[in-house]
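Structure record follows, encoded as structure tokens.
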Amino acid sequence: MKDYHVEEELRTENSIVVRLPEPVLNDECEKYNLATTIYTISVNYLTCLDNDLNKFNVQTYERHYNFQNLTPFTEYTFKLALSNFYFDKLSIGLQFGADVKLTTTGKLNAPEDVSSNSNAYSGGSLLDATQESKLHESELRGALGSSSSTK
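Sequential numbering of the sequence shown, starting at 66, is according to the numbering used here.
Below, the structure written as structure tokens:
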């Protein structure tokens, strides 16, 4: 059996277009209609957020397939199997070819919703923050009329 696999045609941030091979006929198949070839593409990829393996399959009769709404800068693994109407009738299992790894273009996105707990510290060195804290403490004591001084 021939090792069929997808071939890259175009990659963008959110899509990958693949070209699918024309089947090679066995010598015994004289009246086989190529339009009845079913291409089954198995796709899997990892997500960064939960490190979870995601899988899905698509079927097409066309020799090109456009995967859309993909995640930028993500590696996708494609496997291809060819079949036809008789595979189900004869209970023949799909035989997938070799893995083809393709990565969408783009770059990692900047972090979103980033916050910092500054505790009223607005920059500078740690010494500056300590001095600022003592200054506020001194002002507070002065406002309360305390006679003790800050050391």
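Where a beta carbon is used, it is the ideal one built from N, C-alpha and C, also for glycine.
Just so we're clear, the structure is a prediction, and the values are computed from it rather than from any experiment.
Among T101, G171, V123, which one has its Cα closest to the Cα of N109? If you number the sequence shown from 1, residue 109 lands on position 44. Comparing Cα-Cα distances from N109 to each of T101, G171, V123, the minimum goes to V123.
Measure the CB-CB distance between N131 and S80 and report whether it falls below 8 Å. Here residue 131 refers to the residue found at position 66 when the sequence shown is read from its first residue. Here residue 80 refers to the residue found at position 15 when the sequence shown is read from its first residue. Yes, Cβ-Cβ distance for N131 and S80 is below 8 Å.
Residue from I106, E127, V71, L167 whose Cα sits closest to the Cα of P137: Along the sequence shown, one-based indexing puts residue 137 at 72. Answer by Cα proximity: L167.
Y141 to H129, Cα distance in whole Å? Locating residue 141 in the sequence shown gives position 76, where the first residue counts as 1. Locating residue 129 in the sequence shown gives position 64, where the first residue counts as 1. Their backbone Cα atoms lie some 17 Å apart in a straight line.
So what does DSSP say about Y110, is it helix, strand or coil? Working through the sequence shown from its first residue, we reach residue 110 at position 45. Y110 falls in the strand class under three-state DSSP.
Taking all protein chains shown into account, decide if I157 is buried (16 or more other Cβ within 10 angstroms of its Cβ) or exposed. In the sequence shown, residue 157 corresponds to position 92, counting from 1. The residue is exposed, with fewer than 16 neighbouring Cβ atoms inside 10 Å.
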